[in-house]
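Read the structure below first, then the notes.
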Amino acid sequence: MPYAKIIGSGGYLPPRVVSNDELAADLATRQIVTSDTWITERTGIRQRHLADPGVVTSQLATEAARRALADAGVDASELDLIIVATSTPDFIFPSTACLVQAQLGNKGAAAFDVQAVCSGFVYALTTAEAFIRAERATTALVIGAEVFSSILDWNDRGTCVLFGDGAGAVVLRASEEPGILGARLNADGSQMKILYAAGNVAHGEVTGDPFLRMDGQAVFKLAVTSLAASAQGVCESAGIRLEDIDWLVPHQANVRIINFLGRKLGLPEDKVVITVDRHANTSAASVPLALDAARRDGRVKPGDLVLMQGVGGGFTWGSVLARM
Ligand code: ACO
Numbered sequence: 101m102p103y104a105k106i107i108g109s110g111g112y113l114p115p116r117v118v119s120n121d122e123l124a125a126d127l128a129t130r131q132i133v134t135s136d137t138w139i140t141e142r143t144g145i146r147q148r149h150l151a152d153p154g155v156v157t158s159q160l161a162t163e164a165a166r167r168a169l170a171d172a173g174v175d176a177s178e179l180d181l182i183i184v185a186t187s188t189p190d191f192i193f194p195s196t197a198c199l200v201q202a203q204l205g206n207k208g209a210a211a212f213d214v215q216a217v218c219s220g221f222v223y224a225l226t227t228a229e230a231f232i233r234a235e236r237a238t239t240a241l242v243i244g245a246e247v248f249s250s251i252l253d254w255n256d257r258g259t260c261v262l263f264g265d266g267a268g269a270v271v272l273r274a275s276e277e278p279g280i281l282g283a284r285l286n287a288d289g290s291q292m293k294i295l296y297a298a299g300n301v302a303h304g305e306v307t308g309d310p311f312l313r314m315d316g317q318a319v320f321k322l323a324v325t326s327l328a329a330s331a332q333g334v335c336e337s338a339g340i341r342l343e344d345i346d347w348l349v350p351h352q353a354n355v356r357i358i359n360f361l362g363r364k365l366g367l368p369e370d371k372v373v374i375t376v377d378r379h380a381n382t383s384a385a386s387v388p389l390a391l392d393a394a395r396r397d398g399r400v401k402p403g404d405l406v407l408m409q410g411v412g413g414g415f416t417w418g419s420v421l422a423r424m
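Okay, so the sequence shown: first residue is 101 according to the numbering used here, each after it adds one.
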């Protein structure tokens, strides 16, 4: 049975950078009070990239995909599977994956979206790995991409300061060499109420509330406990000790969640990749963007053991353990 190996990665962030001070000044024009100090102390976020109006998820996804394909030295025509994880698709249908496929010029690959909010990338990566292990695909493109700014209530300071836009991608290929060593996905739909965007389009109208709503403290607690259990579970199943992990690449929601998690797992800070300060929370894009940043700056090297973790709305969570 072949392994699925990550052979390339790419990331794309829209060029407009908005600092906490700029965001605070903008919110102040609507009598909404926040500050760089509050945002930095509670979340570790210093800035976010925001897409200009009219920019859609497939555009960010395609750019990240092109960079990942170039890094892997793979032509788009070689892909036989394309999965996009997103909660902010361009359309109801077709899937964003099909739109990316067309923009890349690939014809014939299976293409579909996965919806698991901030866990979307680890869900998509696990799905692609299963296709490759089962020999139903040989070369897969897995993307996490979001224009999350489009579902934020910009009058709610409790949520709008937390998120950003972006896309990250990896190319997976069937390999005799070890690649992905283990994966574990979980969900608990009964926790829907702590994080949701419960709107829909039906009969030509938006029904319900199309904006993200969150119980921040409940999310915080569940994120830390579920990710810690998931990390322990995936390592145990793969016969790997937590202390043998070279890099933890967790979902980038909040630096306090990441620090709590690192301490709970006994991983030193210098083994944890953090990009939330620069990217904010980009939902499904956060893990591949962080992985790509750490590969490009030379921290994550071939042969390293990397634990990627996602957690988010649903409630969903999951882990992928990969030998790079
Ligand atoms: N600026 C200033 N004050 C604010 C802001 C803001 N942007 N947002 C909330 N406040 C105020 C609140 O109104 C409240 O004021 P009050 O005491 O007068 O009522 C006060 O700050 C404290 O609010 P809390 O919600 O209790 O603040 P908390 O310390 O819990 O921090 C936070 C909020 C950062 C959201 C935290 O709960 C958290 O990190 N939760 C995790 C959720 C998360 O990261 N979600 C991301 C999406 S989910 C995911 O990706 C998994």
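Don't be surprised by glycine CBs; every beta carbon is placed ideally from N, CA and C. Fair warning: this is a prediction, and the values are worked out from it, not measured in the lab.
For this session: Sort out for me which residues DSSP pairs Glu305 with in a bridge.
Result: On the sequence shown, residue 305 is found 205 positions in, with the first residue counted as 1. Glu305 is bridged to Ala302.
Exercise. So, helix, strand or coil for Arg236, using DSSP?
Worked result: Taking the first residue of the sequence shown as position 1, residue 236 is located at position 136. The answer is coil: DSSP assigns Arg236 none of H, G, I, E or B.
Exercise. Gly258 and Phe248 look like a contact to me (Cβ under 8 Å); what is the Cβ gap, rounded to whole Å?
Worked result: Numbered from 1 along the sequence shown, position 158 holds the residue referred to as residue 258. Numbered from 1 along the sequence shown, position 148 holds the residue referred to as residue 248. About 15 Å; that fails the 8 Å criterion.
Exercise. Does any heavy atom of ligand 1 sit closer than 7 Å to the C-beta of Ala494?
Worked result: Because the chain here runs from 101 to 424, residue 494 falls outside it and cannot be looked at.
Problem set entry | Candidates Leu281, Val270 and Asp152, of which the one nearest Asp171 by Cα | Indexing the sequence shown from 1 puts residue 171 at position 71. Considering only alpha carbons, the answer is Val270.
Problem set entry | Arg116: first and last residue of the uninterrupted alpha helix (DSSP H) it sits in | Position 16 of the sequence shown, counting from 1, holds the residue named residue 116. No alpha helix (DSSP H) holds Arg116; DSSP gives it neither H nor E.
For this session: Keeping to the same chain, check which residues put their C-beta closer than 7 Å to that of Trp254; ignore five residues upstream and five downstream.
Result: To locate residue 254, count along the sequence shown from 1; it is residue 154. Taken in chain order, the residues that qualify are Cys260.
Problem set entry | Minimum length 3: unbroken beta strand (DSSP E) runs contained in the stretch 318-357 | 347-350
Exercise. Going by DSSP, what residues sit across from Asp213 in a beta bridge?
Worked result: Taking the first residue of the sequence shown as 1, we reach residue 213 at position 113. Looking at the DSSP assignment, Asp213 forms a beta bridge with Val184.
Problem set entry | Straight-line gap, Ser419 to Lys371 (C-alpha atoms, nearest Å) | Looking up residue 419 in the sequence shown gives position 319. Looking up residue 371 in the sequence shown gives position 271. Between Ser419 and Lys371, the C-alpha separation is close to 16 Å.
For this session: Mind checking which residues open and close the beta strand (DSSP E) that includes Thr416?
Result: Within the sequence shown, numbered from 1, the residue matching residue 416 stands at position 316. Its beta strand (DSSP E) spans residues Thr416 to Arg423.
Exercise. Between the C-alpha atoms of Val406 and Arg341, what's the straight-line distance to the nearest angstrom?
Worked result: Counted from its first residue, the sequence shown places residue 406 at position 306. Counted from its first residue, the sequence shown places residue 341 at position 241. One C-alpha to the other measures close to 12 Å.
Exercise. Excluding five sequence neighbours on each side, which residues of the same chain lie with their C-beta closer than 8 Å to the C-beta of Ala393?
Worked result: Translated into the one-based positions of the sequence shown, residue 393 becomes position 293. Within the same chain, Ala393 has close Cβ partners Gly111, Val373 and Thr375.
Problem set entry | Backbone CA spacing between Glu141 and Asp377 [nearest angstrom] | Position 41 of the sequence shown holds residue 141. Position 277 of the sequence shown holds residue 377. If you take the alpha carbons of Glu141 and Asp377, they lie about 11 Å apart.
Exercise. Is Phe248 near ligand 1, with its Cβ less than 7 Å from a heavy atom?
Worked result: Position 148 of the sequence shown, counted from the first residue, corresponds to residue 248. Flag unset: Cβ of Phe248 not near ligand 1.
Problem set entry | Expected contact under 8 Å - CB spacing of Ala165 and Leu204 to nearest Å | Within the sequence shown, the letter at position 65 stands for residue 165. Within the sequence shown, the letter at position 104 stands for residue 204. Their Cβ separation, rounded to whole angstroms, is 6 Å, which keeps Ala165 and Leu204 in contact under 8 Å.
For this session: Look up Ser135 in the DSSP assignment and say whether it is helix, strand or coil.
Result: In the sequence shown, the residue the question calls residue 135 occupies position 35. Note: Ser135 maps to coil in three-state DSSP.
Exercise. Any heavy atom of ligand 1 within a distance shorter than 7 Å of the CB on Gly111?
Worked result: The count along the sequence shown starts at 1 and reaches residue 111 at position 11. Gly111 Cβ: outside cutoff for every heavy atom of ligand 1.
For this session: Could you work out which residue in Leu391, Gln131, Gly144 and Asp121 is closest to Arg356 when comparing CA atoms only?
Result: The residue you call residue 356 lines up with position 256 of the sequence shown. Ranking Leu391, Gln131, Gly144 and Asp121 by Cα distance to Arg356 puts Gly144 first.
For this session: With DSSP as the reference, please indicate the residues paired to Ile280 in a beta bridge.
Result: Here the question's residue 280 lines up with position 180 in the sequence shown. The partner list for Ile280 (beta bridge, DSSP) reads Ala422.
Exercise. Residue range of the beta strand (DSSP E) that Val271 falls in?
Worked result: Numbered from its first residue, the sequence shown carries residue 271 at position 171. Counting along the chain, the beta strand (DSSP E) containing Val271 begins and ends at Gly266 to Ser275.
Exercise. If you compare alpha carbons, which of Met292, Val324, Leu322 and Leu272 is closest to Lys105?
Worked result: Along the sequence shown, one-based indexing puts residue 105 at 5. Checking every option, the nearest Cα to that of Lys105 belongs to Leu272.
Exercise. Does ligand 1 have even one heavy atom less than 7 Å from the beta-carbon of Thr143?
Worked result: Counting from 1 along the sequence shown, the entry for residue 143 is found at position 43. Checking the Cβ of Thr143 against ligand 1 gives yes.
Exercise. In whole angstroms, what separates the C-alpha of Val334 from that of Gly282?
Worked result: For the purposes of this step, residue 334 is taken as residue 234 along the sequence shown, with counting starting at 1. For the purposes of this step, residue 282 is taken as residue 182 along the sequence shown, with counting starting at 1. If you take the alpha carbons of Val334 and Gly282, they lie about 6 Å apart.
For this session: Below 6 Å CB to CB, which residues in the same chain sit around Phe231 once its five sequence neighbours on both sides are set aside?
Result: Walking along the sequence shown from the start, residue 231 turns up at place 131. Cβ within range, chain order: Leu181 and Ala237.
Exercise. Cα-Cα, which of Val301, Arg363 and Phe320 is closest to Ala331?
Worked result: Mapped onto the sequence shown, residue 331 falls at position 231. Ala331 has its Cα closest to that of Arg363, out of Val301, Arg363 and Phe320.
Problem set entry | Any non-hydrogen atom of ligand 1 within 7 Å of Thr196 CB | Against the sequence shown, residue 196 aligns to sequence position 96. Answer for Thr196: no, Cβ out of range of ligand 1.
For this session: Following the continuous alpha helix (DSSP H) through Val387, name the residue where it begins and the one where it ends.
Result: What you label residue 387 is simply residue 287 of the sequence shown in a count that begins at 1. Run containing Val387: Ser386 to Arg396, per the alpha helix (DSSP H) assignment.
Exercise. Thinking C-beta only, is Val411 closer than 8 Å to Ala323?
Worked result: Counting from 1 along the sequence shown, the entry for residue 323 is found at position 223. Counting from 1 along the sequence shown, the entry for residue 411 is found at position 311. In contact: Ala323 and Val411 (Cβ atoms closer than 8 Å).
Exercise. Is the distance from the Cβ of Gln352 to the Cβ of Val222 below 8 Å?
Worked result: As a first step, residue 352 must be located in the sequence shown, where it is residue number 252. As a first step, residue 222 must be located in the sequence shown, where it is residue number 122. Their beta carbons are not under 8 Å apart, which means Gln352 does not touch Val222 by this criterion.
Problem set entry | Where the beta strand (DSSP E) through Gly412 begins and ends | Within the sequence shown, the letter at position 312 stands for residue 412. Looking at the DSSP string, the run of the beta strand (DSSP E) that includes Gly412 is Leu405 to Gly412.
Problem set entry | Residue span of the alpha helix (DSSP H) that contains Arg378, given as start and end | Looking up residue 378 in the sequence shown gives position 278. That run of the alpha helix (DSSP H) goes Val376 to His379.
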